[in-house]
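Per mature numbering (1 follows the signal peptide of the UniProt record, and there is no 0): the sequence shown = residues -20 to -1, 1 to 82.
Built from N, CA and C at the ideal position, the CB exists for glycine as well.
Source: prediction; values computed, not measured.
Below is one structure; the comments refer to it alone.
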Amino acid sequence: MLVMNFSELTTMGLLVLSLATRLLMDLTHRSHVKQNGTRSVGEIVADSFGLKQSYSMSKNIAIIINFIILSTLRNFPQFSQTFNCSLGSPMNPERKCSLFED
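This is the structure:
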(Lines of atoms letter the chains of each structure in order from A and count residues from 1; the text may use other names and numbers.)
(Lines give C-alpha, C1' and ligand atoms only; values in the text may rest on other atoms or scores of the structure.)
Protein backbone atom coordinates (compact mmCIF):
# COMPACT_ATOMS: atom_id res chain seq x y z
CA MET A 1 0.00 0.00 0.00
CA LEU A 2 1.25 3.47 -0.84
CA VAL A 3 1.75 5.50 2.31
CA MET A 4 1.99 9.27 2.13
CA ASN A 5 1.96 11.93 4.79
CA PHE A 6 -0.83 14.50 4.98
CA SER A 7 1.31 17.23 3.40
CA GLU A 8 2.05 15.05 0.37
CA LEU A 9 -1.63 14.12 0.02
CA THR A 10 -2.65 17.76 0.20
CA THR A 11 -0.02 18.82 -2.34
CA MET A 12 -1.00 16.02 -4.72
CA GLY A 13 -4.69 16.85 -4.34
CA LEU A 14 -4.10 20.52 -5.09
CA LEU A 15 -2.01 19.66 -8.15
CA VAL A 16 -4.70 17.32 -9.51
CA LEU A 17 -7.40 19.90 -8.82
CA SER A 18 -5.36 22.62 -10.53
CA LEU A 19 -4.78 20.50 -13.63
CA ALA A 20 -8.43 19.45 -13.78
CA THR A 21 -9.55 23.07 -13.44
CA ARG A 22 -7.29 24.13 -16.31
CA LEU A 23 -8.60 21.30 -18.48
CA LEU A 24 -12.20 22.16 -17.66
CA MET A 25 -11.68 25.86 -18.37
CA ASP A 26 -9.97 25.06 -21.68
CA LEU A 27 -12.75 22.73 -22.77
CA THR A 28 -15.44 25.18 -21.68
CA HIS A 29 -13.89 28.08 -23.60
CA ARG A 30 -13.35 25.99 -26.73
CA SER A 31 -16.78 24.51 -26.95
CA HIS A 32 -20.23 25.06 -25.59
CA VAL A 33 -21.57 22.14 -27.57
CA LYS A 34 -24.69 20.74 -25.98
CA GLN A 35 -25.25 17.01 -25.71
CA ASN A 36 -28.74 15.65 -25.14
CA GLY A 37 -29.87 19.25 -25.58
CA THR A 38 -29.04 20.32 -22.05
CA ARG A 39 -25.48 19.49 -20.91
CA SER A 40 -22.30 21.08 -22.22
CA VAL A 41 -19.00 19.25 -22.66
CA GLY A 42 -17.64 21.16 -19.66
CA GLU A 43 -20.43 19.89 -17.42
CA ILE A 44 -19.80 16.32 -18.52
CA VAL A 45 -16.05 16.66 -17.85
CA ALA A 46 -16.75 18.13 -14.41
CA ASP A 47 -19.14 15.28 -13.55
CA SER A 48 -16.64 12.71 -14.78
CA PHE A 49 -13.83 14.28 -12.73
CA GLY A 50 -15.99 14.34 -9.60
CA LEU A 51 -16.95 10.70 -10.04
CA LYS A 52 -13.32 9.63 -10.51
CA GLN A 53 -12.18 11.63 -7.46
CA SER A 54 -14.93 10.11 -5.31
CA TYR A 55 -13.98 6.61 -6.40
CA SER A 56 -10.29 7.30 -5.78
CA MET A 57 -10.97 8.64 -2.29
CA SER A 58 -13.09 5.60 -1.41
CA LYS A 59 -10.18 3.32 -2.39
CA ASN A 60 -7.79 5.30 -0.18
CA ILE A 61 -9.96 5.46 2.93
CA ALA A 62 -7.32 3.60 4.98
CA ILE A 63 -4.82 6.38 4.27
CA ILE A 64 -7.35 9.01 5.31
CA ILE A 65 -8.17 7.15 8.54
CA ASN A 66 -4.49 6.69 9.38
CA PHE A 67 -3.38 10.26 8.82
CA ILE A 68 -6.37 12.24 9.97
CA ILE A 69 -8.31 10.28 12.57
CA LEU A 70 -5.57 8.22 14.22
CA SER A 71 -3.10 11.11 14.22
CA THR A 72 -5.66 13.24 16.00
CA LEU A 73 -6.57 10.59 18.56
CA ARG A 74 -2.96 9.75 19.45
CA ASN A 75 -2.42 13.39 20.45
CA PHE A 76 -5.56 13.51 22.61
CA PRO A 77 -4.62 12.61 26.23
CA GLN A 78 -8.19 11.66 27.15
CA PHE A 79 -8.15 8.97 24.43
CA SER A 80 -5.02 7.37 25.90
CA GLN A 81 -6.49 7.48 29.40
CA THR A 82 -9.85 6.05 28.37
CA PHE A 83 -8.36 3.14 26.42
CA ASN A 84 -5.40 2.57 28.79
CA CYS A 85 -2.74 3.10 26.12
CA SER A 86 0.69 2.75 27.71
CA LEU A 87 3.01 5.75 27.50
CA GLY A 88 5.30 5.46 24.47
CA SER A 89 2.88 3.24 22.52
CA PRO A 90 1.77 4.28 19.01
CA MET A 91 -1.52 5.65 20.37
CA ASN A 92 0.12 7.42 23.33
CA PRO A 93 3.45 8.94 22.28
CA GLU A 94 5.57 10.65 24.92
CA ARG A 95 5.62 13.87 22.88
CA LYS A 96 2.21 15.06 21.76
CA CYS A 97 1.17 17.83 19.40
CA SER A 98 -1.33 20.06 21.15
CA LEU A 99 -2.81 23.44 20.29
CA PHE A 100 -4.42 23.89 23.68
CA GLU A 101 -3.11 22.94 27.09
CA ASP A 102 -5.46 21.57 29.75
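From the listed residues PHE63, ASN64 and PRO57, the smallest Cα separation to CYS77 is found for PRO57. Taken through DSSP and simplified to helix, strand or coil, ASN40 comes out as coil.
In the assembly as shown, SER60 is a buried residue. Its beta-carbon has 16 or more other beta-carbons within 10 Å. Bridge pairing for SER69: ASN72 [DSSP]. When the Cα atoms are used, ASN55 and MET37 turn out to be separated by approximately 25 Å. A direct Cα-Cα distance of roughly 19 Å separates LEU31 from ILE43. Judged by DSSP in its simplified three-state form, PHE56 adopts coil rather than helix or strand.
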